[in-house]
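Peer 1:
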Amino acid sequence: MNNKQWIRVTAMQNIPLREGRSVNVAGREIAIFNLGDRVLAIDGRCPHKGGPLAEGIVTGSTVVCPLHAWKISLETGSISKPNENPACVATYRTRIESGIVLIEVPEASQEMEERPLSCGEQNRACLGDSPSPVL
Amino acid sequence: MMERLVVVGNGMAGVACVEQILNHAPKFEITIFGDETHLNYNRILLSSVLAGEKAADEIQLNGLEWYAKHGIVLRLGIRITDVDAERKMVTGDDDSKTPFDKLLIATGSTPLIPPMDGLEKEGLFVFRNLDDTRALLDRAAPGKRAVVIGGGLLGLEAARGLQVQGCDVTVVHLMDTLMERQLDLTGGSYLKAKMECLGVKVLLERSTTAILGNGKAEGVAFKDGSSIAADFVVIAAGIRPNVELGRKAGLEVNRGIIVNDYMETSNPDVFAVGECVEHNGTCYGLVAPLFEQGKVLAATITGNRGPLYRGTIQAAKLKIMGVDVFSAGNFSEKAPGTDAVRYEDPALGTYKKLTVRDGKLAGVILVGDTSESHRYMDWLRSQTDLTAMRRQLLFPGPADDAGLDVAAMADSKVVCGCNGVTKGAIIHAVHEKGISTLAQLRDSTRASTGCGSCTEVCQQLLKAVAPEFQEEAKKSLCKCIPFPEDKLREILRSQRLRSVQEVLEIYGNGVGCEICKPALSYMLDMLWCGDHDEDRSARFINDRVHANIQKDGTFSVVPRIRGGVTSAKELRRIADVAEKYNVPMVKITGSQRIDLLGVKKADLPQIWADLGMPSGQAYTKGVRMVKTCVGTDFCRFGVQDSTKAGVELERRLENLYTPHKLKMGAVGCPRNCAEATVKDIGLVGQEGSWQVVVGGAAGKKVRKADLLITVESTEEALQAATLFFQYYRENANYLERTYDFVERKGIENVRRDTVYAPLAIQQGLRERLRKSKRISRDAWLEGDAPRHPTQFVQIESLEKVQG
Ligand code: SRM
Ligand SMILES: Cc1cc2nc3c(=O)[nH]c(=O)nc-3n(C[C@H](O)[C@H](O)[C@H](O)COP(=O)(O)OP(=O)(O)OC[C@H]3O[C@@H](n4cnc5c(N)ncnc54)[C@H](O)[C@@H]3O)c2cc1C
Ligand code: SF4
Ligand code: FES
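Going down the list, the protein sequences come from chains A and B. Going by the numbering used here, the first sequence opens with residue 1, and the numbers climb by one from there. Going by the numbering used here, the second sequence opens with residue 136, and the numbers climb by one from there.
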């Protein structure tokens with residue numbers, strides 16, 4: 001199904017280099033990251049225990065969740081730490097038009113049913129808790 | 136048939152000699168008499184016991200099981216009063232008579248008491264054995280005035296120990312320079328400056344004529360008519376060999392019991408070793424010669440007569456942290472053909488002098504930096520021809536950079552002078568017993584358990600010969616940047632790098648991670664005293680928004696309430712804020728402050744503005760708080776104004792980042808109501824003084840803080856605390872709490888590098904702290920002037936989704 005649309009979200013300079021910001025689009029909390037050469041967007045909540053991913057430290061094209069340091073790829077939505085885990089955080093296509101970030105999201109009506117079950121809920125047992133090294 | 140060997144003196148020389156005898160074929164049934172009631176202990180370390188660095192039971196050398204294992208009969212608390220050489224019998228003060236075939240006199244020496252009036256007064260001490268040390272510890276208390284008569288090694292170590300216990304110490308010395316047997320005038324003046332820097336007063340050229348006071352010591356009077364007050368007096372004016380038993384046995388006795396090169400006295404069945412003997416005109420007062428004597432004596436007495444004792448080159452090391460003094464050989468420049476090679480730096484307090492005679496080293500004096508002492512001892516002992524090394528005498532040449540070459544050392548070379556352990560013995564032990572750690576080496580050979588100055592050589596030897604030896608591997612921070620942290624700090628400083636990204640690009644993988652980014656952020660801030668390129672993307676979220684992130688993504692707000700002291704007005708504002716912003720929980724924290732939990736990021740700036748209070752930094756690796764008690768203001772036990780001192784300490788250090796969070800406490804008396812002894816830095820009030828303690832913990836780990844120093848005034852206490860603070864900032868690894876840091880460094884080294892460091896070093900620490908403080912500001916001011924327009928803002932989508 002191709003019921004997606006591009007949404008103008010915010011001025012590029014509102015997202016500092018190598019940081020993320022969270023934005024509400026169509027009832028979704030999405031985390032947008034400025035990697036210098038590109039902008040990437042993923043679901044705003046960590047599959048582990050719902051940590052706010054926009055607040056994480058960016059390392060390369062990965063974000064480290066601020067709560068317990070899970071590492072989530074901004075490109076694929078997969079988890080590399082504590083364990084390798086296939087894509088389970090939704091990613092969104094982005095583009096920049098005259099300094100404005102655009103994100104492609106499913107249309108509002110569909111979104112509710114399509115939203116996948118958080119993989120963290122399914123996988124918690126095997127992924128385990130890893131305490132944050134920074135706290 | 137076993138012969139009966141009776142040893143008089145259960146001290147260092149006697150027991151060490153017995154240990155050597157046991158290395159030969161069994162020949163004796165041994166009985167040892169000792170008039171002290173303690174098992175044999177390391178007398179050298181009494182200085183450490185007095186300074187509170189070691190407990191009395193930590194300095195024991197031979198436990199009961201050792202005596203039992205070797206079938207040695209130990210008779211403690213019995214003084215031998217007579218020897219009948221004819222009938223081969225000793226008499227004890229318990230009237231016991233013990234026959235012997237061979238007798239070994241190892242009675243050591245007694246403190247020398249110079250003639251003066253008033254010696255019968257109470258409050259007069261000497262410093263020779265464990266009982267003396269305990270008596271001194273009982274008497275020493277903060278603020279007590281102690282006078283130490285004697286400015287030699289022993290007197291100075293006594294003075295320092297008493298000073299660490301908080302006493303107000305004056306050293307009185309007869310000569311015009313301290314340690315005149317070991318130092319020349321210049322060396323003596325450097326030493327004096329260092330002692331004074333520790334807070335010990337020094338009076339030279341004072342001949343003490345009387346102990347003043349009515350029944351108890353209240354002062355001392357000098358020949359020049361002057362006098363000073365004292366609460367107690369320690370006499371450390373030298374030692375006198377205990378030769379009475381030698382006389383009674385009819386031996387040839389001069390100052391000491393005369394022995395020849397085989398360690399024989401004038402009676403073939405009576406031997407003597409240690410401080411009570413005189414060899415070739417010399418009575419020794421250090422342990423190294425005793426061990427050498429003991430070895431020779433053991434050979435002779437067991438019928439292996441052959442090895443000769445030819446005297447020992449005297450080498451002395453002052454065991455005072457921060458006052459590094461080493462001296463060996465003959466430092467006089469007067470002998471013909473003698474050159475003196477010198478180096479001095481008054482700012483660092485470093486003085487070095489070598490005397491070179493006929494191209495060979497004759498003597499050495501090192502003050503302030505004794506790191507090369509082993510090299511010089513080696514040259515002295517081996518009489519190396521120095522002609523070719525003339526340019527590098529005082530500084531190791533490039534090739535020698537690594538210090539001493541252990542491979543080139545002869546097997547017979549003594550590594551541990553205190554315990555007479557040779558390189559050969561160490562290598563043997565390593566192979567025989569599969570030793571791989573320094574601790575094991577210490578256990579099995581005793582090397583490096585005396586004054587500790589050979590520890591580095593032992594470590595190098597282990598590295599060279601122990602197959603399993605692993606030097607404490609230095610871990611690098613993370614995979615992104617492959618350097619241990621101390622190296623990293625060096626790189627950042629020398630390469631003048633000021634931003635995290637720059638460091639990662641030049642020295643790392645260009646990317647960084649959640650471990651190294653905050654660590655590098657910290658290092659740069661600390662190294663450049665705040666004058667770096669702050670990059671918030673490299674900081675943890677807490678440090679981007681100056682609040683602690685919670686499990687649901689909201690934040691907590693803890694305003695600074697210095698010392699836990701607040702006011703009705705402040706409390707009212709806090710209450711108003713809590714209502715206005717619907718703060719879900721208001722909680723009194725475990726650190727005497729108030730926490731507003733569950734705050735939305737976007738509300739933070741407005742909340743801070745409404746509160747009108749500075750940030751309590753409860754979210755960062757930085758200065759948290761100073762917990763205080765009510766101290767003198769209200770408490771009936773308070774003897775120091777802990778509240779005021781704590782608030783002031785917090786003011787001086789707040790807003791600064793630290794390697795890990797840093798918590799402090801100040802209490803008005805040792806009841807410790809605000810738990811200062813389990814804080815990173817604590818001030819503990821005493822009558823007339825403060826104890827500054829560091830490295831305490833009561834979190835994941837519980838650890839009682841170590842005493843850094845005892846000082847009289849609040850200002851001095853604050854100064855000591857801030858010195859330690861900056862030292863921790865500069866030298867700890869990221870995320871290393873003080874409890875680990877102090878343990879890793881050792882409190883001795885911490886003291887040496889802070890409160891007892893040369894003035895120039897202390898000033899450096901202070902200056903860098905001042906600079907950091909000047910640049911730092913209350914983080915919550917960013918609420919009014921954000922670093923980035925969306926720092927606290929919740930971004931709204933520009934365009935609504937069409938449904
Ligand atoms: C709020 C408070 C508990 C309270 O309600 O009283 C608290 C709350 C937290 N403590 Fe604590 N600690 C609080 C006093 C203490 C104390 C008591 C004290 O300070 O006297 C200790 C023991 C002393 C110490 O620090 O060692 C303490 C030992 C810890 C530790 C263990 C540290 C350690 O190395 O032993 C951690 C974890 C860490 O730092 O790695 C920790 C970590 C935390 C964190 C920050 C966990 C985190 O990273 O999110 C908690 C934040 C809760 C939140 O969501 O805001 N907290 N914590 C206290 C805040 C004090 C303040 O006013 O700033
Ligand atoms: C505080 C202090 C610090 C020192 N620091 C150093 C240092 O850093 N480096 C160094 O090389 N040296 C140092 N020394 C010196 C070193 O401790 C002595 O050289 C060494 O202990 C002498 O050994 P000894 O066996 O001859 O005498 P001691 O160790 O004194 O042993 C003699 C023992 O015999 C006992 N005794 C005496 N007469 C009788 C008797 N009639 N009957 C029974 N028992 C008797 C004594 O009570 C004593 O226990 C220090 C000494 C002191 C006091
Ligand atoms: S520590 Fe001492 S002075 Fe302070 S409140 Fe407790 S009892 Fe009072
Ligand atoms: S909620 Fe993200 S790691 Fe636990």
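Heads up, the beta-carbon is just placed ideally off N, CA and C, and yes, glycines get one too.
Just to check, is the beta-carbon of G416/B closer than 7 Å to a non-hydrogen atom of ligand 2?
Peer 2: No, Cβ of G416/B sits at least 7 Å from all heavy atoms of ligand 2.
Peer 1: From L432/B to V150/B, what does the alpha carbon distance come to, in whole angstroms?
Peer 2: For L432/B and V150/B, the distance between alpha carbons rounds to 12 Å.
Peer 1: Count the other C-beta atoms from every protein chain shown that fall within 10 angstroms of the C-beta of L900/B, then say buried if there are 16 or more, exposed otherwise.
Peer 2: With 16 or more Cβ atoms within 10 Å of its Cβ, L900/B is classed as buried.
Peer 1: Mind checking if D535/B is an interface residue toward chain A, Cβ cutoff 8 Å exclusive?
Peer 2: Because the pLDDT at D535/B is just 41, under 50, the model does not fix this residue reliably, and the value given afterwards should be weighed accordingly. Output row for D535/B: interface = no.
Peer 1: Assign H566/B to buried or exposed, taking buried as 16 or more other Cβ atoms, counted over all protein chains shown, within 10 Å of its Cβ.
Peer 2: With fewer than 16 other Cβ atoms within 10 Å, it is exposed.
Peer 1: Beta carbon of D738/B: closer than 7 Å to some heavy atom of ligand 1?
Peer 2: False, no ligand heavy atom lies under 7 Å from that Cβ.
Peer 1: On the DSSP letters alone, give me the boundaries of the beta strand (DSSP E) that Y1001/B sits inside.
Peer 2: Residue 1001/B lies beyond the stretch modelled for chain B, which goes from 136 to 938, so this question has no answer here.
Peer 1: Going along chain A in order, which residues have a C-beta closer than 8 Å to the C-beta of V646/B?
Peer 2: Those within 8 Å of V646/B in chain A are T59, G60.
Peer 1: A833/B and C764/B: beta carbons closer than 8 Å?
Peer 2: Contact flag unset, no.
Peer 1: Work out the CA separation of V890/B and I882/B for me, nearest whole Å.
Peer 2: Distance between the alpha carbons of I882/B and V890/B: 11 Å.
Peer 1: Just the chain B side, please: which residues come within less than 9 Å of K49/A by C-beta, in chain order?
Peer 2: Here the neighbours are K686.
Peer 1: With H, G and I counted as helix, E and B as strand and the rest as coil, what does DSSP make of A753/B?
Peer 2: Of the three classes helix, strand and coil, the one that applies to A753/B here is coil, per DSSP.
Peer 1: Considering Cα atoms alone, identify which of G278/B, L501/B, D668/B is closest to A450/B.
Peer 2: Answer by Cα proximity: L501/B.
Peer 1: Ignoring anything shorter than 3 residues, give me the beta strand (DSSP E) runs that lie fully in the segment 303-339 of chain B, in order along the chain.
Peer 2: Qualifying beta strand (DSSP E) stretches, in chain order: 303-307, 336-338.
Peer 1: Between the segment 448-467 of chain B and the segment 286-302 of chain B, do three or more beta carbon pairs fall short of 8 Å?
Peer 2: Touching, yes.
Peer 1: Residues of the segment 68-82 of chain A with a CB closer than 7 Å to any CB of chain B: list them in chain order, please.
Peer 2: Per Cβ criterion, the list reads A69.
Peer 1: Keeping to the same chain, check which residues put their C-beta closer than 6 Å to that of Y869/B; ignore five residues upstream and five downstream.
Peer 2: Closer than 6 Å at the Cβ level, and outside the excluded window around Y869/B, lie A654, Y657, P794.
Peer 1: Which whole-angstrom value describes the C-beta separation of E29/A and R45/A, a residue pair presumed to lie in contact below a C-beta threshold of 8 Å?
Peer 2: Confirmed, Cβ separation roughly 6 Å.
Peer 1: Check whether chain A comes within 8 Å of H923/B, counting only Cβ atoms and requiring the distance to be less than that.
Peer 2: Yes, H923/B lies at the interface with chain A (some Cβ there is under 8 Å from its Cβ).
Peer 1: Determine the direct distance from the alpha carbon of V394/B to that of V885/B, and round the result to whole angstroms.
Peer 2: Whole-angstrom Cα-Cα distance: 45 Å.
Peer 1: At least one CB of chain A closer than 8 Å to the CB of E931/B: is that the case?
Peer 2: Yes, its Cβ sits closer than 8 Å to a Cβ of chain A.
Peer 1: Given this structure, state the Cα-to-Cα distance separating H563/B from Y511/B, to the nearest angstrom.
Peer 2: The alpha-carbon atoms of H563/B and Y511/B are separated by roughly 25 Å.
Peer 1: Could you check where the beta strand (DSSP E) with Y478/B kicks off and where it finishes?
Peer 2: 473-480 is the span of the beta strand (DSSP E), which, as asked, contains Y478/B.
Peer 1: From what residue to what residue does the alpha helix (DSSP H) around Q13/A run?
Peer 2: Looking at the DSSP string, Q13/A is not in any alpha helix (DSSP H), and its letter there is neither H nor E.
Peer 1: Counting only C-beta atoms, is I676/B closer than 8 Å to chain A at any point?
Peer 2: Answer yes: the Cβ-Cβ gap between I676/B and chain A drops below 8 Å somewhere.
Peer 1: Express the C-alpha separation of I641/B and E19/A in angstroms, rounding to a whole number.
Peer 2: Going from the Cα of E19/A to the Cα of I641/B covers about 21 Å.
Peer 1: Pull up the distance between the alpha-carbon of L416/B and that of P442/B, whole angstroms please.
Peer 2: Position check: residue 416/B holds Gly in this sequence, whereas Leu was assumed. The alpha-carbon atoms of G416/B and P442/B are separated by roughly 20 Å.
Peer 1: Count the other CB atoms, across all protein chains shown, that sit within 10 Å of the CB of Q826/B; report buried if there are 16 or more and exposed otherwise.
Peer 2: Flag for Q826/B reads buried.
Peer 1: Quickly, what does DSSP pair W825/B with across the bridge? List them, please.
Peer 2: Partner(s): G820/B, V846/B.
Peer 1: Can you grab the Cα-Cα spacing for the pair E387/B / C586/B, in whole Å?
Peer 2: Cα to Cα, the separation comes out at about 33 Å.
Peer 1: For G665/B and S907/B, what's the separation of their Cα atoms in angstroms?
Peer 2: C-alpha separation (whole angstroms): 5 Å.
Peer 1: Using a C-beta to C-beta distance shorter than 8 Å, which residues of chain A count as neighbours of R872/B?
Peer 2: Those within 8 Å of R872/B in chain A number zero; the least Cβ separation is about 13 Å.
Peer 1: Identify whether I650/B lies in helix, strand or coil by the three-state DSSP scheme.
Peer 2: Here I650/B sits in coil by DSSP.
Peer 1: Return yes when the C-beta of C651/B is under 7 Å from any heavy atom of ligand 4, and no when it is not.
Peer 2: No, since every heavy atom of ligand 4 falls outside the 7 Å radius drawn around the Cβ of C651/B.
Peer 1: Are at least three pairs of beta-carbons, each pair with one atom in the segment 407-425 of chain B and one in the segment 546-557 of chain B, less than 8 Å apart?
Peer 2: Cβ pair count under 8 Å is three or more, so yes.
Peer 1: Using a threshold of 7 Å, is the CB atom of T91/A nearer than that to any non-hydrogen atom of ligand 1?
Peer 2: No, ligand 1 has no heavy atom inside 7 Å of this Cβ.
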